[in-house]
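For the record, the sequence lines run as chains A and B.
Take the first sequence: its position 60, counted from the start at 1, is 59 in numbering that gives the first Met the number 0, and no numbers get skipped.
Take the second sequence: its position 58, counted from the start at 1, is 57 in numbering that gives the first Met the number 0, and no numbers get skipped.
C-beta: ideal position from N, C-alpha, C; glycine also.
Read the structure below first, then the notes.
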Amino acid sequence: MIQIAGLILILIGLYGLITKRNIIKMIIALNVLEIGLNLFIVSVGYVQDGIAPILTEVNNSSGLIFVDPLPQALVLTAIVIGMGTTALSLAFARKIYATHQTFDLNEMGVEE
Amino acid sequence: MKRIVSILLVVVLGYFVYTSLYVDGFDMAVSDNRQTSISDAYITKSVTSENESVTYMESTDLENGSANIVTAIVTDYRSFDTLGEVTVLFLASIGVSMVLAGFTKKYQFKMKTNRILKTGARLVVGLALVLGVYMFTHGHLSPGGGFPGGSIIGASILMMYLSEENFRARMASFKWMESLAGTVYVLIGIIGLFVATYFLENFLPTGTVGALVSAGIIPIVYILIGLKVGSEVSGIIDQFLTEEVAS
Numbered sequence: 000m001i002q003i004a005g006l007i008l009i010l011i012g013l014y015g016l017i018t019k020r021n022i023i024k025m026i027i028a029l030n031v032l033e034i035g036l037n038l039f040i041v042s043v044g045y046v047q048d049g050i051a052p053i054l055t056e057v058n059n060s061s062g063l064i065f066v067d068p069l070p071q072a073l074v075l076t077a078i079v080i081g082m083g084t085t086a087l088s089l090a091f092a093r094k095i096y097a098t099h100q101t102f103d104l105n106e107m108g109v110e111e
Numbered sequence: 000m001k002r003i004v005s006i007l008l009v010v011v012l013g014y015f016v017y018t019s020l021y022v023d024g025f026d027m028a029v030s031d032n033r034q035t036s037i038s039d040a041y042i043t044k045s046v047t048s049e050n051e052s053v054t055y056m057e058s059t060d061l062e063n064g065s066a067n068i069v070t071a072i073v074t075d076y077r078s079f080d081t082l083g084e085v086t087v088l089f090l091a092s093i094g095v096s097m098v099l100a101g102f103t104k105k106y107q108f109k110m111k112t113n114r115i116l117k118t119g120a121r122l123v124v125g126l127a128l129v130l131g132v133y134m135f136t137h138g139h140l141s142p143g144g145g146f147p148g149g150s151i152i153g154a155s156i157l158m159m160y161l162s163e164e165n166f167r168a169r170m171a172s173f174k175w176m177e178s179l180a181g182t183v184y185v186l187i188g189i190i191g192l193f194v195a196t197y198f199l200e201n202f203l204p205t206g207t208v209g210a211l212v213s214a215g216i217i218p219i220v221y222i223l224i225g226l227k228v229g230s231e232v233s234g235i236i237d238q239f240l241t242e243e244v245a246s
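Written out as structure tokens, the structure reads:
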């Protein structure tokens, strides 16, 4: 079920990337796509009745059923890199706004 | 017209992905064969050595002593990957400061801050900084770790920026901290290469699973990552809250 939700989010993000011409909206669409992808990857590692893969005083043995830790570690990487790319693209958006006074790709005109 | 074509394209793509994943009797959601797959080796900590099971506060001197298994993967088994990841974050922060190079004056918001906001922010900022430090020092025991801890530090800096009109963090010291943390991370890797056998090997004794001082180089690496991420996020925030000097 979560996987279907992740797929739907990925498709919404793709739709936004294809149709929108506003830079801020494109960045938001990219983030929606990324959240959907992360959700999908995490849900691949789900095990029936599994618990979070952390040994504590309550869950103190490796014999318990944990969910798969590997996709979670990969998604941790993906989240951080997503944050970096979002920051960089927002910086570009600010620079573009300072140059052209608009966020819309259609209204920018051609480079002189 | 464009929208209809886009919707059709997206729906067709979704249909192909859905059918290739689920219809041929292959439902990934019920992958309960984890016990036979490679990930079980991460949980019982038997990737490079033979180990039957791990018990909290009892098992000692394993190949990796972290109680949080995701942390074990991120900072030990796949530590080289994490080094690349902080490099990507470093490049992003460098890119932001290069793109916004002319923006030096602090951005003034239209709405002025008031005394309640200032006092409340001063109260919360200290607690948030302590929470961030707690998170990355306990990364091998509890949920969290270097990346969320560093982000919390960045958030507390953002709070100061939003509440105080003339507040500027000293960015030079943040840059020093960032460079120092990255260099020490690489140096730890090189020490592993010489003392033990490969780059970023866990060469310290790993101790008891669940103790605060345990897991060898994992807490050290996560503290370094936390400092690095915190200073990078703070640098990005500082760069975003500035504007071009009107000339």
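Give every residue of the same chain whose Cβ lies closer than 7 angstroms to the Cβ of MET159/B, excluding the five residues on either side of it in the sequence, and list them in chain order. ALA120, VAL124 and PHE166
Counting only C-beta atoms, is TYR96/A closer than 9 angstroms to chain B at any point? no
Name the two residues that bound the continuous beta strand (DSSP E) containing GLU33/A. Per DSSP, GLU33/A belongs to no beta strand (DSSP E); it is in the alpha helix (DSSP H), 22–43.
For the alpha helix (DSSP H) that contains GLU56/A, what are its first and last residues? Where GLU56/A is concerned, there is no enclosing alpha helix (DSSP H), given that its DSSP letter is neither H nor E.
Using the C-alpha atoms, what's the distance from LEU87/A back to SER64/B? Contrary to the premise, residue 64/B reads as Gly rather than Ser in this sequence. Using only the alpha carbons, I get a separation of about 36 angstroms.
Taking buried to mean at least 16 other C-beta atoms within 10 Å of its own C-beta, is ASP237/B buried or exposed? buried
Any idea what DSSP makes of LYS117/B, helix, strand or coil? helix
Specify the secondary structure class of THR101/A as computed by DSSP and reduced to three states. coil
Where HIS99/A falls, given that 16 or more other Cβ within 10 Å makes a residue buried: exposed
DSSP state of THR207/B mapped onto helix, strand, coil: strand
At a Cβ cut of 9 angstroms, what residues of the region 2–29 of chain A count as close to chain B, listed as they run along the chain? GLN2, ILE3, LEU6, ILE7, ILE9, LEU10, ILE11, LEU13, TYR14, ILE17 and THR18
Report yes or no: do three or more beta-carbon pairs, one from the region 136–153 of chain B and one from the region 163–182 of chain B, lie closer than 8 angstroms? no
Examine the ligand GTP and report whether any of its heavy atoms sits within less than 8 angstroms of the Cβ of VAL132/B. Absent from the structure shown: the ligand GTP. Ligands present: none.
Is the beta carbon of THR272/B less than 9 angstroms from the beta carbon of VAL208/B? Any answer about residue 272/B is impossible in this case: the structure gives chain B only from 0 up to 246.
Is the Cβ of VAL112/A closer than 9 angstroms to any Cβ of chain B? The displayed coordinates of chain A run from 0 to 111. Any statement about residue 112/A would go beyond what the structure contains.
Would you say GLU56/A reaches chain B, if we count a Cβ-Cβ gap shorter than 9 angstroms as a contact? yes
What residues in its chain sit with their C-beta under 6 angstroms from that of PRO218/B, if we drop five residues either side in the sequence? HIS139
Go ahead and pull the three-state DSSP assignment for ILE152/B. helix
So the beta strand (DSSP E) LYS104/B belongs to, where does it begin and stop? 102–105
In three-state DSSP terms, what is GLU242/B? strand
Apart from the five residues on each side of it in sequence, which residues of its chain come closer than 6 angstroms, Cβ to Cβ, to GLU33/A? GLY81
So which residues on chain B does PHE102/A lean against when the C-beta distance must stay under 7 angstroms? By Cβ distance, chain B contributes nothing, its closest Cβ being about 16 angstroms from PHE102/A, past 7 angstroms.
Could you tell me how far apart the beta carbons of VAL79/A and PHE146/B are, in whole angstroms, since I believe they sit closer than 8 angstroms? 5 angstroms
Relative to the alpha-carbon of ASN113/B, which residue among GLU164/B, GLU84/B and ILE93/B has its alpha-carbon at the smallest distance? GLU164/B
Can you tell which of THR241/B, GLU231/B, ARG169/B and HIS137/B has the C-alpha that lies nearest to the C-alpha of SER213/B? HIS137/B
Bridge partners of ASN67/B, per DSSP? ILE53/A
Could you list which residues in chain B have their beta carbon closer than 7 angstroms to that of LEU87/A, in chain order? ALA91, GLY94 and VAL95
CB-CB under 7 angstroms to PHE79/B, same chain, minus the five flanking residues each way: which ones, in chain order? PHE198 and LEU199
Rounded to the nearest angstrom, what separates ILE249/B and SER96/B at their Cα positions? Given a span of 0 to 246 for chain B in the structure shown, any question on residue 249/B remains unanswerable.
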